[in-house]
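Peer 1: Protein chains in written order, with my numbering: chain A, 59 to 325; chain B, 59 to 325.
2 protein chains.
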Amino acid sequence: MAHIIVLGNEKGGSGKSTTCMHLIAALQRAGKGVGAIDLDLRQTSLFRYLDNRRAFVAREGIALPEPERGVLALSTRDSQADALAEEEENFAAVLNRLDQSCDFIVIDCPGAHTRYARMAHAAADTLITPMNDSLVDFDLLARLDPASGDVLGPSVYAEGVWKARQMRMKAGLKPLDWVVLRNRMAHVNAHNRARVGDALTELAPRIQFRIVPGFSERVIFRELFLNGLTLLDLRDVGQGSLNMSNLAARQELRDLLRALSLPNVKV
Amino acid sequence: MAHIIVLGNEKGGSGKSTTCMHLIAALQRAGKGVGAIDLDLRQTSLFRYLDNRRAFVAREGIALPEPERGVLALSTRDSQADALAEEEENFAAVLNRLDQSCDFIVIDCPGAHTRYARMAHAAADTLITPMNDSLVDFDLLARLDPASGDVLGPSVYAEGVWKARQMRMKAGLKPLDWVVLRNRMAHVNAHNRARVGDALTELAPRIQFRIVPGFSERVIFRELFLNGLTLLDLRDVGQGSLNMSNLAARQELRDLLRALSLPNVKV
Ligand SMILES: Nc1ncnc2c1ncn2[C@@H]1O[C@H](COP(=O)(O)OP(=O)(O)OP(=O)(O)O)[C@@H](O)[C@H]1O
Ligand SMILES: Nc1ncnc2c1ncn2[C@@H]1O[C@H](COP(=O)(O)OP(=O)(O)OP(=O)(O)O)[C@@H](O)[C@H]1O
Ligand SMILES: [Mg+2]
Ligand SMILES: [Mg+2]
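(1) Just list the residues that DSSP pairs Trp220/A with in beta bridges.
(2) Tell me, which residues are paired with Met243/A by DSSP?
(3) Identify which residue in Asp183/A, Ile278/A, Gln266/A has its Cα closest to the Cα of Arg251/B.
(4) Quick one: grab the DSSP three-state call for Ile163/A.
(5) Taking Cβ to Cβ, would you say Arg111/B is nearer than 9 Å to Glu126/B?
(6) Express the C-alpha separation of Cys167/A and Met16/A in angstroms, rounding to a whole number.
(7) Going by DSSP in three states, Met59/B sits in which element: helix, strand or coil?
(8) Could you tell me whether any Cβ in chain A is nearer than 9 Å to the Cβ of His18/B?
(9) Is any non-hydrogen atom of ligand 4 found closer than 8 Å to the C-beta of Lys32/B, if you look at the structure I gave you?
(10) Taking the beta strand (DSSP E) that Asp96/A falls in, what are its first and last residues?
(11) To the nearest angstrom, how far is the alpha carbon of Tyr215/A from that of Leu198/A?
(12) Does Asp197/B have its Cβ less than 9 Å from a Cβ in chain A?
(13) Only counting the same chain, and skipping five residues up and downstream in sequence, which positions put a Cβ closer than 8 Å to that of Asp109/A?
(14) Could you pull the start and end residues of the alpha helix (DSSP H) that Ala180/A belongs to?
(15) Restricting to Cα atoms, I'd like to know which of Leu130/A, Met243/A, Asn148/A is closest to Thr102/A.
(16) Can you tell me where the beta strand (DSSP E) with Ile186/B in it begins and where it stops?
(17) Report the partner residues of Pro212/B according to the DSSP bridge assignment.
(18) In the DSSP assignment, what residue or residues form a beta bridge with Gly70/A?
(19) Under 7 Å between beta-carbons, which chain B residues line up against Ser72/A? List them in chain order, please.
(20) Could you check how far apart the C-beta atoms of Arg375/B and Ala141/B are, in whole angstroms? I think they sit under 8 Å.
(21) On the criterion of 16 or more Cβ atoms from any shown chain inside 10 Å, does Ala229/A qualify as buried, or is it exposed?
(22) Answer with buried or exposed for Glu118/B, where buried requires no fewer than 16 other C-beta atoms within 10 angstroms of its C-beta.
(23) Grab me the residues of Leu85/A's own chain with a C-beta within less than 6 Å of its C-beta, minus the 5 sequence neighbours each way, in chain order.
(24) Less than 9 Å separating the beta-carbons of Phe273/B and Ala307/B?
(25) Taking the straight line between their C-alpha atoms, what separation do you get for Leu284/A and Ala262/B?
(26) Please classify Ser137/A: does DSSP put it in a helix, a strand, or coil?
(27) For Arg100/A, return the contacting residues in chain B, with the cut-off set at a CB-CB distance below 8 Å.
(28) What residues of chain A sit near Ala113/B, judged by a beta carbon separation below 8 Å?
(29) Applying the criterion that 16 or more other CB atoms from any shown protein chain within 10 Å of the CB defines a buried residue, is Leu290/B buried or exposed?
(30) Can you tell which of Val325/B, Tyr107/B, Met189/B has its C-alpha closest to the C-alpha of Leu202/A?
(31) Kindly list the residues whose CB is nearer than 6 Å to the CB of Ala244/B, restricted to its own chain and excluding five residues on each side of it in sequence; keep chain order.
(32) Please look up how many angstroms separate the CB atoms of Leu314/B and Val246/B, rounded, as I've assumed it's under 8 Å.
(33) Chain A partners of Ala252/B, CB-CB under 7 Å?
(34) Quick one: which chain B residues come within Cβ less than 8 Å of Val237/A?
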């Protein structure tokens, strides 16, 4: 049974696709068979990143690990109920196929509450929610009292995860491991980071997620997009000159992988 | 006729809601009547920001300018065609109502290609597209050749704007002013910023947008969210201690407003 990892957060630009790409790279380099599903069917940021990688390999003649892909199409049926039924069939079929050959299936969700995204959240063994170090992003997890900073109640994305957990329990699946990480953190902004950190620490036990080490704002996480590369590929492509920021980026990725405690993955 | 400003970018987390909130604040302080429509019907980040503002005013007894709101609901009809027809009626009704009392109507779009978002893009007199200083964000405007950096062709969001322009022309409306700004820029990353800047400069004449000054990554743009405040409100609430970053932030907002060249707005 492949272990299903979902990158989910309805908040846009929280780092789902970026984290997804780097997780795929890290798992492949740990020797695992990885399947990738891009549920952002319009933007397809993950598959674009992977297309760029494929083009780089073809152009430069350098071998790089590439995941197997699961491709899903949007139903064109006019009735919502019919469209849902068709997409549920597609989703199950793709998961079954990838399950045959993969140790891990990594699913990148869009920043929206689509039918496929809801299916992915119910199918996830590990749900990774990256977020900006921001009370605006936090607002999609829970509402805070402006005066006291206390958690007032869950917001729309947390409620969605709760529903997915319910579906999972009804289907008799093992519990979802929900992890939240902060992304694009800057060293400056210590006060804001403490406010967000405190809010997350208070919220975590209430809606059942654990907080794992995340990523700093580092241009290395995005400047290799056109070539489809990640920092883990730099040695293979002969750009192994790891400066301070890249070494730190490697460590951040390693710390995340360790904290995820994935089955049979030694870090 | 109220001038309609739309914040649009299918790419999530590009700064639509943040730019929207600060533009509303700036226009109100320039003495204009402002209407606000939040088309992110699930996250409602803009209306949450405004709700927090309203709660602050009630709690602290400090008067602050608040825009008029236009509220839209998602159609629950099962057929796509029926849902579209109902939503088109809702949209026109809300615009007509706000038009009576507002100089400007500001519309915040979600990071997705929804029916209401498409209507907003066709209705926009000014379309503001904020984006991260990133080739990943750029990828939603156009594809670049990885080797040469040349623009290969428009991507999904640029095509959406083109379709909106077509609808506008057929309806006999004046041309859309499409402006693109970079958001969350960091002083470090000069090389990456130059790459994105060059790509934007090459693309601008081809798909007909102009580039305007944007915003740096500054915690002042997000740390006041819980109280619904912007940096323009700090003097009114007695926190007028403008440090270097806040003064620079003010100037960035002023520079944007000037570059927008809005009717009857002196900056
Ligand atoms: N740690 C990081 N350092 C630097 N840039 C980053 C980092 N993480 C993400 N980015 C950049 O931030 C932007 C948003 O990231 P990304 O596209 O991964 O988010 P997303 O959650 O997948 O967005 P969407 O909701 O649109 O799918 C992109 O421009 C990306 O290149
Ligand atoms: N100039 C800035 N400086 C600091 N933080 C910023 C800035 N602009 C935006 N942010 C933060 O970046 C994140 C994304 O911004 P925002 O929510 O405005 O984007 P959006 O395009 O409306 O996203 P969505 O696609 O989810 O609607 C938020 O956490 C916000 O607080
Ligand atoms: Mg994405
Ligand atoms: Mg928004």
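No residue lacks a Cβ here, since even glycine has one placed at the ideal position from N, Cα and C.
Peer 2: Taking the coordinates as given:
(1) Answer is none; Trp220/A lacks a bridge partner.
(2) Bridge partners of Met243/A: Ser274/A.
(3) Distances from the CA of Arg251/B to each of Asp183/A, Ile278/A, Gln266/A were compared; the closest alpha carbon is that of Ile278/A.
(4) Reduced to three states, the DSSP call for Ile163/A is strand.
(5) No, they are not a contact pair.
(6) Absent from the structure is residue 16/A, since the part of chain A shown begins at 59 and ends at 325.
(7) DSSP places Met59/B in coil when its eight states are reduced to three.
(8) Past the boundaries of the shown model lies residue 18/B; chain B is included only from 59 to 325, so the question cannot be answered.
(9) Because chain B spans 59 through 325 in this model, residue 32/B falls outside it and cannot be assessed.
(10) 92 to 96 is the extent of the beta strand (DSSP E) around Asp96/A.
(11) For Tyr215/A and Leu198/A, the distance between alpha carbons rounds to 6 Å.
(12) Put simply, the CB of Asp197/B is near chain A, with a gap under 9 Å to one of its CB atoms.
(13) Answer for Asp109/A: Gly286, listed in chain order.
(14) It spans 173 to 181 - the alpha helix (DSSP H) in which Ala180/A sits, taken as one unbroken run.
(15) Just measuring C-alpha positions, the residue of Leu130/A, Met243/A, Asn148/A sitting nearest Thr102/A is Leu130/A.
(16) Unbroken beta strand (DSSP E) run through Ile186/B: 184 to 190.
(17) According to DSSP, Pro212/B bridges with Ala200/B.
(18) According to DSSP, Gly70/A bridges with nothing at all.
(19) The answer, in chain order, is Gly71.
(20) Outside the shown range of chain B, which is 59 to 325, sits residue 375/B, and nothing can be said about it.
(21) Counting every other CB atom within 10 Å of its CB across the protein chains shown gives Ala229/A a total below 16, marking it as exposed.
(22) Flag for Glu118/B reads exposed.
(23) The residues are Val92, Phe162.
(24) Yes, the Cβ-Cβ distance between Phe273/B and Ala307/B is below 9 Å.
(25) Going from the Cα of Leu284/A to the Cα of Ala262/B covers about 20 Å.
(26) Under the three-state reduction of DSSP output, Ser137/A falls in the strand class.
(27) Neighbours of Arg100/A on chain B, chain order: Glu68, Ala170, His171, Val214.
(28) Simply Pro204.
(29) In summary, Leu290/B is buried, with 16 or more beta-carbon neighbours lying within 10 Å of its beta-carbon over all protein chains present.
(30) It is Tyr107/B whose Cα lies nearest to the Cα of Leu202/A.
(31) For Ala244/B, where only same-chain residues beyond five positions count, the Cβ hits under 6 Å are Glu275.
(32) Wrong, their Cβ atoms sit about 22 Å apart, outside the cutoff.
(33) By Cβ distance, chain A contributes nothing, its closest Cβ being about 11 Å from Ala252/B, past 7 Å.
(34) Per Cβ cutoff of 8 Å: no residues; Val237/A is ~20 Å from chain B at best.
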